[in-house]
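Sequential numbering from 1 applies to the sequence shown in UniProt numbering.
One structure is given here, and the rest of the page talks about it.
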Amino acid sequence: MEGAGARCGAGRSRGADVVCEKRVFKGKVPEPLFQLACSHHHCAFPVSRNELCVWNAATAQPLYLSGHHYSVSALSFGSKINPLLVCSASHECVIVWNLDECTQKVQEGFTPRGIVIGTLLGMVLHVRFSPDDQQVAVCAGNQIYMLSAKNEAILAEMHGHVAPVTAAEFCTWEKSMLISVSEDRTFKVWDYSTSQLIYQSGIITAFPLLSLLIDEENKQIITGCTEGQLWIFSVISEHNYRCIAHIDLKKEQEKVCKKVWKSGKEIGEGQNNSKLCKTDMRPEGSVETSLPILLIEHCDFFVCFHNEENTYSSQNTSYFWIGTSTGLLIINLANFELEAVLSYRDYSDLSIRIARSCALTRKAANGKVLCLIASMFEDMIAVLEVKLPALVRTQHSDFLPCENEKSLSVIARGTLLANSPLCKNLKKNMRGPSSKTLGVKNTVKDKPLVFHNKIKSSGYTAAPHMTMFSPNTNLKKKEASKWKTSCKCKNKDYPLESYPPIKYEKEISVTCKPTPIFCVQYSGDGERLACGLADKTVLVFNSNLTDVHDVFSGHDGAVNSVGWSHDRKWLVSASEDRTLRVWSVYNKEPALILGKEKFHKTARFAQFYFIDTFILLCCGAEFHLLSFHLDTTKDDLKRYKQRSVCKLVQKFPMTSAMEITSLSAVNEFYSYIVLTAGSNRALEVFDLNVGCSTAVIQEAHVRSVHQICQNKGSSFTTQQPEAYNLFLTTAAGDGIKLWDLRTLRCERRFEGHSSRCYPCGIAVSPCGRFIASGSDDKYLTTATLDGKLRLFLP
């Protein structure tokens, strides 16, 4: 086989240094070639019908090994560096080669020989060394053979697959555990010491499974099929091999392409030289091809950026290479999104456009990764050198957030602007009681009998009253003492080292008949729990859920949301009857009622904002900023007249949305940021200090977001200021996403719980370490923000 020299890809000016073709080997490539091999500075591949070549990238010297009588179909390097072993398999035998000994033999003028460890096993599709290089797993036909790496001996045979086995991997943290995938579209877990089947999955997909990788850090397995689909399963024993995520790489490539195309449209076509969009966007009438996943390998993503201040993601995130027939992908296992795409067709100097087999080095050397690909239609094998930092940098420069988006912060960092909507509140304009009347008891003075300064007429000439008299039935004034926060507030700090609450405590029935609970909200001190029900009432319980509770009735429709004030003296509720009510917790009467004439659509969500200065209310495709002043005093003659005042400051419509599906803002401290989600599947960030929308995240989920949950912290614990910039979103059928307001990127994704059709709620613990989520299968799911802990509890 002839070898050509190195050529650097210059298919696009901005990515000229991304990939370099180090060597091209032309000759007769065996037809049944399924597995190539790369390790450190070495690449192994067949060069003729029965000859093997090991190419050293450091010295550019090939080492030719012969010993097979039939075509070599699978190759694999050992797990250890010293000595470095390579295993080659063909139809008639499996051979293990010691590269140090073979090199020495060649230098001495002898023909190198390997150790035959297996004969006449059949068509071998995959071979893999054990972590200690003592055994070799050989996938031949429908069976898996465990062979000794030192001599010809079959240690175990595993039968169970009904189609050819395409890949097998050793589980490093479990003794004698092997996991295999097959064209029968299932994966199996084996104990190869006893040849026993531990677990067998159902049929995962309609397409054959080709590749497999075990993620030791997260204890997960990743498998890919011939149609560009990835599945991730948890191997933790308590999870029972639960499916964590399913990723469609075709759709992910289209998302990246759209981002690049939009950025090119904004910057200008002349400045955007990326060909990624042109390559992946299919013209009208074109044929859609399959995207077989040939390889899944670890990626040293963060190692390449350890000297840079601005890394693109956190350090504890795992990244993986995905080798396909058309190029290489880098996927972020935290958010299941693509970080970079390398398409062979984008680089005109590359000799191979479509690959049938692929191999990558696991470790990067000076930011460079060796890639070995075999051509689909030609007798050609190429050795590529991919510069990982250059690849990621050129791709991310297209759609990194701009400077105004980077400056966003939940914690208010600047002063209020002179024309800010947040300066227009009623409380500073309302005059409080004078100092002469403070502390003075109400005594009978020398006044008219009606106890008023002015005696009004009998009212015979006035219009008749249209509202019926409703007596005051709430006479239990002394019960307010039990709700005084000064007596009930706990002064204990939050235990930062505690585990999530997994112990069942208590369950009570809120009504005598089945009634949906639409919303629940704890008060800031954790002493009380408010619930909004479908029977038009709001219930307030003690934190220990005793049978004694207060009922707030008055709505004429189901209660959609409830919210506590910062001082825990008021409740705000929004209902299907298109009204908003603010309740006094002390006397359980509405202090403020905004009727149907104020809102043209259902009030979906309401909350206090800016430390009880304003109220935010969702109505249709916009939310209202309401300034209010609450006054619960009653006039002796007009005791049913509302004395509280509310004023609309400004309306904020969402961009291209028919309805706001969720809203979130911080009331625990001063913040200018309001987050909204719309029916158009977009997230929008509003800065109320400026009084406008500052950022839009399109297609945040595949469905409309039904809840936004911010990390609001607690008065009982302290977090880093940057932690308050994290927020969660969830949508039915699309799991939970963790976002960072500073970058407006999804940093992590939580899946594995059942959330296909019902809008399941989510919550963040006060310490900011845990997430709780409901599920369709009546389970409670808890996870840590770093995604490492997942508990599935009934």
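Cβ coordinates follow ideal geometry from the N, Cα and C atoms, glycine included.
For HIS555, which residues of its own chain have a beta-carbon under 6 Å away from its beta-carbon, when the five flanking residues on both sides are left out?
Counting only Cβ-Cβ distances below 6 Å, and skipping sequence neighbours, we find LYS536, SER575, ASP577.
In terms of residues, what are the limits of the beta strand (DSSP E) holding VAL72?
For VAL72, the uninterrupted beta strand (DSSP E) run begins and ends at 72-77, by DSSP.
Paired residues, beta bridge with MET146 - DSSP:
ALA137, ALA156
Quick one: grab the DSSP three-state call for VAL256.
helix
Assumed close pair ALA652, PHE608 - CB separation to whole angstroms, cut-off 8 Å:
In the sequence on display, residue 652 carries Phe and not Ala. The Cβ separation is near 17 Å, so there is no contact.
State buried or exposed for residue 818, treating a residue as buried only when at least 16 other CB atoms are found within 10 Å of its CB.
The structure shown does not extend to residue 818, since the chain spans only 1 to 794, so no value can be given for it.
Across the stretch 709-723 and the stretch 682-691, are there enough close Cβ pairs to call them in contact, namely three or more that are closer than 8 Å?
no
Given a threshold of 16 other Cβ atoms within 10 Å of its Cβ, counted over all protein chains shown, does LEU100 qualify as buried or as exposed?
Per the sequence shown, residue 100 should be read as Asp rather than Leu. So ASP100 ends up on the exposed side.
Cβ-Cβ distance between ALA382 and GLU21 below 8 Å:
Taking 8 Å as the Cβ cut-off, ALA382 and GLU21 qualify as a contacting pair.
8 Å Cβ shell around ASN151 - same chain, five flanking residues per side excluded:
ILE115, ILE117
Inter-residue spacing [alpha-carbon to alpha-carbon] between SER664 and ASN711
A straight-line Cα-Cα distance of about 10 Å links SER664 and ASN711.
Mind checking residue 796: buried by the 16 CB within 10 Å criterion, or exposed?
Residue 796 lies beyond the stretch modelled for the chain, which goes from 1 to 794, so this question has no answer here.
Nearer than 7 Å: is that true of the beta carbon of THR186 relative to any heavy atom of the ligand MN?
The ligand MN is not part of the structure shown, which contains no ligands of any sort.
Close beta carbons around GLY323, own chain, < 6 Å, minus the five adjacent residues each side:
LEU294, LEU295, CYS358
Cβ neighbours of THR515 in the same chain (closer than 8 Å, five flanking residues each side left out)
LEU533, ALA534, ASP535
When you compare the CB positions of SER662 and GLN707, do they come within less than 8 Å of one another, or not?
yes
Neighbour-count burial assignment, LYS588, 16 or more Cβ in a 10 Å radius:
Buried, since its Cβ has 16 or more Cβ neighbours within 10 Å.
Please check the pair ASP248 and GLN229, which I expect to be a contact at CB under 8 Å, by giving their CB distance rounded to whole angstroms.
6 Å
Same chain, Cβ closer than 7 Å to VAL666, neighbours up to 5 away in sequence not counted:
VAL410, GLN710, LYS712
Comparing alpha-carbon positions, which option in GLY774, GLY524, GLY557, GLU385 lies nearest SER543?
GLY524
Simplified DSSP state of residue 828, which is helix, strand or coil:
There is simply no residue 828 to check, as the chain begins at 1 and stops at 794 in what is shown.
Just how far apart, CA to CA, sit residue 820 and VAL19?
Residue 820 lies beyond the stretch modelled for the chain, which goes from 1 to 794, so this question has no answer here.
Below 8 Å on the Cβ atoms is my guess for ALA621 versus ILE660; work out the distance and round it to an integer in Å.
6 Å
Selection from ILE244, LEU209, SER234 that minimises the alpha carbon distance to GLU227
LEU209
Using the Cβ count rule (16 or more neighbours within 10 Å means buried), how would you classify ALA364?
buried
How would you call ARG185, buried or exposed, if buried means at least 16 neighbouring beta carbons within 10 angstroms?
Around the beta carbon of ARG185, 16 or more other beta carbons lie within 10 angstroms, which makes this residue buried.
Helix, strand or coil for ARG756, going by three-state DSSP, please let me know.
In the structure shown, ARG756 sits in coil (DSSP, three-state: anything other than H, G, I, E or B).
Beta-carbon within less than 8 Å of LEU416's beta-carbon, same chain only, minus the 5 sequence neighbours each way: which residues are those?
LEU422, CYS423, ASN689
Label LEU75 either buried or exposed according to how many other C-beta atoms from any shown protein chain fall within 10 Å of its C-beta, with 16 as the threshold for buried.
buried
Would the beta-carbon of residue 817 fall within 8 Å of that of SER325?
The structure shown has nothing for residue 817, since the chain only spans 1 to 794.
For GLN107, does the three-state DSSP call read helix, strand or coil?
helix
Are there 16 or more other CB atoms within 10 angstroms of the CB of ASN272, so buried, or fewer, so exposed?
Residue placement at ASN272 is poorly supported in this model, since its pLDDT is 45, which falls under 50; the coordinates still yield a value, given next. Buried, since its Cβ has 16 or more Cβ neighbours within 10 Å.
Per DSSP, what kind of secondary structure is THR394 in: helix, strand or coil?
Of the three classes helix, strand and coil, the one that applies to THR394 here is helix, per DSSP.
Distance, Cα to Cα, LEU744 vs LYS255?
Taking the straight line joining both Cα atoms gives about 16 Å.
Kindly identify the DSSP beta-bridge partner or partners of ASN332.
TYR319, GLU337
What are the start and end residues of each continuous beta strand (DSSP E) run of 3 or more residues lying completely inside the stretch 568-654, in chain order?
The stretch 568-654 contains these whole beta strand (DSSP E) runs: 570-575, 580-584, 590-594, 603-609, 614-619, 622-629, 645-653.
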